[in-house]
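Read left to right, the sequence shown gives residues 1 to 273 (UniProt numbering). Backbone N, C-alpha and C fix where the C-beta goes; we use that ideal spot for every residue, glycine too. If you're wondering where the values come from, they're calculated on a predicted model, not measured in any experiment. Comments concern the structure below.
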Amino acid sequence: MTRPVLQVTGLTKIYGQGEATVHALRGVSAVVHRGDYVAIMGSSGSGKSTLMNILGALDIPTSGRYLLDGVDVSRLSDGQLALARNRLIGFIFQSFNLIPRTSAVANVELPLAYAGVRPGQRRRRAMEALDVVGLAGRADHEPNQLSGGQQQRVAVARALVTEPALLLADEPTGNLDSKSTDDVLQVFDDLSTAGRTIVIITHEDEVGARAKRLIRLVDGSIVTDQRQSPIHLPPVGAAIAHQSVADAGGHIRARRPDAGPAPVHTVGGRHPQ
Numbered sequence: 001m002t003r004p005v006l007q008v009t010g011l012t013k014i015y016g017q018g019e020a021t022v023h024a025l026r027g028v029s030a031v032v033h034r035g036d037y038v039a040i041m042g043s044s045g046s047g048k049s050t051l052m053n054i055l056g057a058l059d060i061p062t063s064g065r066y067l068l069d070g071v072d073v074s075r076l077s078d079g080q081l082a083l084a085r086n087r088l089i090g091f092i093f094q095s096f097n098l099i100p101r102t103s104a105v106a107n108v109e110l111p112l113a114y115a116g117v118r119p120g121q122r123r124r125r126a127m128e129a130l131d132v133v134g135l136a137g138r139a140d141h142e143p144n145q146l147s148g149g150q151q152q153r154v155a156v157a158r159a160l161v162t163e164p165a166l167l168l169a170d171e172p173t174g175n176l177d178s179k180s181t182d183d184v185l186q187v188f189d190d191l192s193t194a195g196r197t198i199v200i201i202t203h204e205d206e207v208g209a210r211a212k213r214l215i216r217l218v219d220g221s222i223v224t225d226q227r228q229s230p231i232h233l234p235p236v237g238a239a240i241a242h243q244s245v246a247d248a249g250g251h252i253r254a255r256r257p258d259a260g261p262a263p264v265h266t267v268g269g270r271h272p273q
């Protein structure tokens, strides 16, 4: 089997000292292979936010080891952590973090601009990423002209555009209504089917149910790690969503009305990792 995208071994995270000591993570170990779609669930205080910060190279563990696409993140300096974040991880947050009064395509281009990619290539790759999430037809729209679900899909396109090894989403549907939630989860289903490696931090059962694998955290430890569908097959959510759009006559409705053509699951001319 190929090298794992993500491998954590014996991760601990301790805050404070003495009576104020908090053990946020207690020996967490997990391996995520290329093409897997993992949901990490837990209630408040379970350690999932701490784990997300470590997986996102935003923090380092007190002890243990974290390999991200073969790089030992737990031993990197602050500057090296920043490089790892920029090159290896595509972030998607609960708040969309789009720049106001800036078009969708310009928002998606931003990581490429920071990376020094030429303007023409930036625009082409950004449009390809918007096409993947079904929003190429709204490339010129600013955030205030888009629904919450559309804004989050722009954020997904922005995360995709750099071709990261890992898509890391922190409560990506937390600010969305039920329809927008389904739209965004359908994008994740499509990306997973195309071979992307995805880790979602969530407290929502609906989100966890659609992943290929479900990990539950309690008090800083993994209590269950359940395989819900094989890595090489579409996620369980793809079948769930397919059934949910069947009308009374047994026909399947079209994809989202704003989606345009079926997404092309390549960005920058390369097949996703």
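Determine, using beta carbons only, whether residue i and residue j come nearer to each other than 8 Å.
{"i": "Arg158", "j": "Val199", "result": "no"}
{"i": "Arg124", "j": "Val161", "result": "no"}
{"i": "Arg65", "j": "Ser74", "result": "yes"}
{"i": "Leu55", "j": "Gln7", "result": "no"}
{"i": "Ile60", "j": "Leu51", "result": "no"}
{"i": "Ala104", "j": "Val154", "result": "yes"}
{"i": "Leu168", "j": "Ile89", "result": "yes"}
{"i": "Asp182", "j": "Ile201", "result": "no"}
{"i": "Gly70", "j": "Arg138", "result": "no"}
{"i": "Asp189", "j": "Pro235", "result": "yes"}
{"i": "Ala113", "j": "Arg85", "result": "no"}
{"i": "Leu185", "j": "Val207", "result": "yes"}
{"i": "Gln152", "j": "Phe96", "result": "yes"}
{"i": "Lys48", "j": "Leu217", "result": "yes"}
{"i": "Ser180", "j": "Gly148", "result": "yes"}
Count the other CB atoms within 10 Å of the CB of residue i; is the residue buried (16 or more) or exposed (fewer)?
{"i": "Thr224", "result": "exposed"}
{"i": "Asp72", "result": "exposed"}
{"i": "Ala82", "result": "exposed"}
{"i": "Asp140", "result": "exposed"}
{"i": "Pro164", "result": "buried"}
{"i": "Tyr37", "result": "buried"}
{"i": "Ser63", "result": "exposed"}
{"i": "Glu19", "result": "exposed"}
{"i": "Pro100", "result": "exposed"}
{"i": "residue 283", "result": "This structure does not reach residue 283, given that the chain is present from 1 up to 273, and the question cannot be answered."}
Quick check on residue i: does DSSP put it in helix, strand or coil?
{"i": "Gln94", "result": "coil"}
{"i": "Arg101", "result": "coil"}
{"i": "Val32", "result": "strand"}
{"i": "Thr266", "result": "With a pLDDT of only 42 at Thr266, under the threshold of 50, the placement of this residue in the model should not be trusted; the figure read from the coordinates follows. DSSP places Thr266 in coil when its eight states are reduced to three."}
{"i": "Ala24", "result": "strand"}
{"i": "Leu11", "result": "strand"}
{"i": "Leu167", "result": "strand"}
{"i": "Ala139", "result": "coil"}
How about residue i: is its C-beta nearer than 8 Å to some C-beta of chain E?
{"i": "Leu168", "result": "In the displayed structure, chain E is absent; only one protein chain is listed."}
Output needed for residue i: all residues of its chain with C-beta closer than 8 Å, excluding positions within five of it in sequence on either side, in chain order.
{"i": "Val117", "result": "Arg125"}
{"i": "Gly27", "result": "Gly10, Leu11, Thr12, Gly64, Ser221"}
Tell me which residues share the same chain as residue i and place their Cβ nearer than 7 Å to its Cβ, disregarding the 5 neighbours each side in the sequence.
{"i": "Leu98", "result": "Asn107, Pro143, Gln151, Val154, Ala155"}
Open item on the list: Runs of 4 residues minimum, wholly inside the stretch 190-246: which ones carry the alpha helix (DSSP H) assignment?
Closed with: Given a length threshold of 4 residues, each whole run of the alpha helix (DSSP H) inside the stretch 190-246 is given here in chain order: 205-209, 236-244.
Open item on the list: Going residue by residue through the stretch 49-80, where are the continuous alpha helix (DSSP H) segments of at least 4 residues, counting only ones entirely within it?
Closed with: Runs of the alpha helix (DSSP H) inside the stretch 49-80: none found.
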